[in-house]
Amino acid sequence: MGTIVRFEPSGKVWEVKRSMTVLDAARRAGVAIRTRCSGKAGCLMCKVNVAIDVDGILGEPTLAECNKLGISSPQGLRLSCQTLLTGKTGTVTVEVPEDPLKELIRRKLAEQEEDRLW
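Here the numbering used here is used: the first residue of the sequence shown is 1053, the next is one more, and so on.
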């Protein structure tokens, strides 16, 4: 058994048996994470929030990630393209923020629905 990755808010779960990035695991699980730099820590669009249930599941922040985000802890805000899942047994929860375009559309639809009520 490897690392169980739970993506929120979608609730999708993926098992990682070998070392890979959170971005790769998300793609295999069918979870969309925005990126433009092809995983080179250049665009900062793939930020996710990582909550660890068991120590040792995530690799330490890379130098590029530390420089871009100013972090030193494997928990909290991370770049999914740089965050390595080690494949060790355990569970990690990855919170993927809503795409800004989807959020705008959702808000506009909610406003239209509210206007119809009046």
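Think of the CB as a built atom: it goes at the ideal place given N, C-alpha and C, for glycine as much as any other residue.
Pull up the distance between the alpha-carbon of residue 1065 and that of residue 1138, whole angstroms please.
Counting from one through the sequence shown, the residue named residue 1065 turns up at place 13. Counting from one through the sequence shown, the residue named residue 1138 turns up at place 86. Rounded to whole angstroms, residue 1065 to residue 1138 spans 16 angstroms at the Cα level.
Compare the beta carbon distance of residue 1131 and residue 1099 with 8 angstroms and say whether it is the shorter of the two.
Residue mapping note: residue 1131 aligns to position 79 of the sequence shown, counting from 1. Residue mapping note: residue 1099 aligns to position 47 of the sequence shown, counting from 1. The answer is yes: Cβ separation under 8 angstroms.
Helix, strand or coil for residue 1056? Go by DSSP, reduced to three states.
One-based indexing of the sequence shown puts residue 1056 at position 4. The answer is strand: DSSP assigns residue 1056 an E or B state.
Whole angstroms is fine: what's the gap from residue 1133's alpha carbon to residue 1054's?
Within the sequence shown, numbered from 1, the residue matching residue 1133 stands at position 81. Within the sequence shown, numbered from 1, the residue matching residue 1054 stands at position 2. About 20 angstroms.
Run through the DSSP bridge pairs and tell me what residue 1099 is partnered with.
As a first step, residue 1099 is located in the sequence shown; it is residue number 47 there, counting from the start. Bridge partners of residue 1099: 1131.
By the 10 Å Cβ neighbour count, where 16 or more other Cβ atoms means buried, how is residue 1152 classified, buried or exposed?
By 1-based counting over the sequence shown, the position of residue 1152 is 100. With fewer than 16 Cβ atoms within 10 Å of its Cβ, residue 1152 is classed as exposed.
Provide the residue(s) that pair with residue 1144 in DSSP beta bridges, ordered along the chain.
Position 92 of the sequence shown holds residue 1144. DSSP lists 1057 and 1104 as partners of residue 1144.
I think residue 1101 touches residue 1147, with their Cβ atoms under 8 angstroms apart; what is that distance to the nearest whole Å?
Counting from 1 along the sequence shown, the entry for residue 1101 is found at position 49. Counting from 1 along the sequence shown, the entry for residue 1147 is found at position 95. Going by Cβ atoms, the distance from residue 1101 to residue 1147 rounds to 4 angstroms, so yes, they are a contact pair.
Does DSSP classify residue 1067 as helix, strand or coil?
Against the sequence shown, residue 1067 aligns to sequence position 15. Residue 1067 falls in the strand class under three-state DSSP.
Restricting to Cα atoms, I'd like to know which of 1129, 1165 and 1057 is closest to residue 1118.
Here residue 1118 refers to the residue found at position 66 when the sequence shown is read from its first residue. The option with the nearest alpha carbon to residue 1118 is 1129.
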